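**Student:** For the sequence shown, the positions run 10 to 195 when the numbering used here is used. Backbone N, C-alpha and C fix where the C-beta goes; we use that ideal spot for every residue, glycine too. None of these values were measured; they are calculated from a predicted model.
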Amino acid sequence: MKSLTGNITHYLFRNNDNGYSIAKIVLENMDEVIITGYFPELSKEVTYLFNVEETTHPKYGVQYKVINFDKAEVQNKEGLMAYLSSDLFTGIGPVKAKKIIDVLGDDAIKKILDNKTSLLGLGLNRLQIERFYKQLYDNQVIESTLVSLYGFGLTSKMAMKLYAKYGSDALYILKQNPYRLIDDIE
10 MKSLTGNITH YLFRNNDNGY SIAKIVLENM DEVIITGYFP ELSKEVTYLF
60 NVEETTHPKY GVQYKVINFD KAEVQNKEGL MAYLSSDLFT GIGPVKAKKI
110 IDVLGDDAIK KILDNKTSLL GLGLNRLQIE RFYKQLYDNQ VIESTLVSLY
160 GFGLTSKMAM KLYAKYGSDA LYILKQNPYR LIDDIE
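Structure, rendered in structure tokens:
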């Protein structure tokens, strides 16, 4: 198994029903590679660490099959700003994203998730704060649930199926009765 750290530049193919994706990523050294596998739609603005297996497609050449992934530990300020102002968050454009980062710093996401009132005084009304917090929280739940499911040795395809069926309860259900997977996932 090999690790790749990079950002998705675009999706070549994406099946929204089962999460199967073929995407191009740009690595830290600026090389571009193709990744394939089952994963949620990932933000192009966030740097991810992908654990992959190298494969060779007869027509398209070298590709990397995603076994699992997580957000990279270090996110740069530009990436964080692009992420917060992305389509994932309604009403947060570049100006508000910049203000959030300028005031809360590079760990703005953690601070917001720990205490949504940290957004008070940053140009957001209460409704915008609630909506933004919920969208941010939901996005984090999806990613952390999938990462936890990978920790049980599930493939990305199985983890996506479990998440599609049970949502944020998937991890709890797996811990309560792992044999349930036999009936639920096949």
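Assuming P49 and L155 make a contact with CB atoms under 8 Å, what is their CB distance in whole Å?
**Tutor:** Confirmed, Cβ separation roughly 7 Å.
**Student:** Kindly identify the DSSP beta-bridge partner or partners of S30.
**Tutor:** According to DSSP, which records beta bridges pairwise, S30 is partnered with R23, G46.
**Student:** Please report the straight-line C-alpha distance between L171 and S153, rounded to a whole angstrom.
**Tutor:** Distance between the alpha carbons of L171 and S153 is about 14 Å.
**Student:** So, using beta-carbon positions, are G15 and L36 closer together than 8 Å?
**Tutor:** In contact: G15 and L36 (Cβ atoms closer than 8 Å).
**Student:** Starting from E54, trace the alpha helix (DSSP H) both ways and give me its first and last residue.
**Tutor:** Per DSSP, E54 belongs to no alpha helix (DSSP H) and is neither H nor E.
**Student:** Report buried or exposed for I191, applying the criterion of at least 16 other Cβ atoms within 10 angstroms of its Cβ.
**Tutor:** I191 comes out exposed.
**Student:** Is S177 buried or exposed, if buried means 16 or more other CB atoms sit within 10 Å of its CB?
**Tutor:** Its Cβ having fewer than 16 others within 10 Å, S177 is exposed.
**Student:** Flag this pair as yes or no: are the beta carbons of T61 and V75 separated by less than 8 Å?
**Tutor:** Here residue 61 turns out to be Val, not Thr, going by the sequence shown. In this structure, V75 lies closer than 8 Å to V61 by Cβ.
**Student:** Kindly indicate which three-state DSSP category K68 falls into: helix, strand or coil?
**Tutor:** Correct three-state label for K68: coil.
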